[in-house]
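Read through the structure below, which is laid out as structure tokens, and then see the notes.
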Amino acid sequence: MAHATEQKIKLLVLYDLLCRLTDENHALNTDEIIALLAEKKIAVSRKILLQDIALLNEYGYEVLTYKKKYHYYYVVNRHFDSAEIAFLADAVQASKLSATQKQTLTNKLITTMGDFQATELTAAAHFGTMPKRNNRHIETSYSGQ
């Protein structure tokens, strides 16, 4: 990748990696981030990486940090939290859409989460495998107002 091109997309790739691979329970240290960027053929030094993370924070892309032996970075704020995604996925599964449409929409919802959260959610929920229940009491108790 040409140097100019890699510099233009570096922040996008950095934030994408942090969104997909980190959360409050799974952070990446500086060396891990540099290695992941190197896999994408983006070279970055420690000093520049810290400046890039500061720039993301300056423009509202919150990247949190803590220090143990190394500095660790992670992203927490997402468009939806896990409970909201589970709720929306349940609503999609309960809808009258075709099985293919349900799966497509559910997959789109899951892609808004980080990889670890998505794995936990899909392991905890069996999307589309729960039988639908008819509860006449709920249907008749609604007054429609």
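Letter 26 of the sequence shown, counting from 1, is numbered 31 in the numbering used here, and no numbers are missing. Even glycine gets a Cβ: it sits at the ideal position worked out from N, Cα and C.
Between the CA atoms of residue j and residue i - distance to the nearest angstrom
{"i": "T109", "j": "L102", "result": "11 Å"}
{"i": "G149", "j": "A96", "result": "Annotation note: pLDDT 49 at G149 (below 50); position unreliable, coordinate value reported separately. Taking the straight line from one Cα to the other gives about 20 Å."}
{"i": "A104", "j": "Q98", "result": "8 Å"}
{"i": "L69", "j": "Q106", "result": "36 Å"}
{"i": "Q12", "j": "I47", "result": "8 Å"}
{"i": "Y71", "j": "I14", "result": "26 Å"}
{"i": "D16", "j": "T10", "result": "Note that residue 16 corresponds to Leu in the displayed sequence, not to Asp. Their Cα atoms are separated by approximately 11 Å."}
{"i": "K45", "j": "E37", "result": "13 Å"}
{"i": "T27", "j": "S100", "result": "32 Å"}
{"i": "A43", "j": "F92", "result": "37 Å"}
{"i": "V49", "j": "K74", "result": "21 Å"}
{"i": "A32", "j": "E63", "result": "20 Å"}
Close-in-space but distant-in-sequence residues of the same chain around residue i (CB under 6 Å, 5 per side omitted)
{"i": "L22", "result": "L41"}
{"i": "A4", "result": "The structure shown does not extend to residue 4, since the chain is modelled only from 6 to 150, so the question has no answer here."}
Close Cβ partners of residue i (< 7 Å) along its chain, the five nearest in sequence each way excluded
{"i": "I143", "result": "Model confidence at I143 stands at a pLDDT of 45, short of 50, so the residue's coordinates are unreliable; what they give is reported in the following sentence. Around I143: no qualifying Cβ."}
{"i": "Y20", "result": "L61 and Y66"}
{"i": "L54", "result": "T35, I38 and I39"}
{"i": "H76", "result": "N34, T35 and T70"}
Counterpart residues of residue i in DSSP-defined beta bridges
{"i": "D28", "result": "H31"}
{"i": "L69", "result": "Y79"}
Residue interval of the alpha helix (DSSP H) (run including residue i)
{"i": "L114", "result": "A104 to I115"}
{"i": "E89", "result": "S87 to A99"}
Residues near residue i by beta carbon distance below 8 Å, same chain, minus five either side
{"i": "I58", "result": "L19, V68, T70 and Y78"}
{"i": "R51", "result": "T35 and I39"}
Continuous beta strand (DSSP E) stretch holding residue i: start and end
{"i": "K46", "result": "Neither: K46 is in no beta strand (DSSP E) and is coded neither H nor E."}
{"i": "Y78", "result": "H76 to Y79"}
Short CB-CB distance (under 8 Å) between residue i and chain C
{"i": "K107", "result": "Protein chains in the displayed structure number just one, and chain C is not present."}
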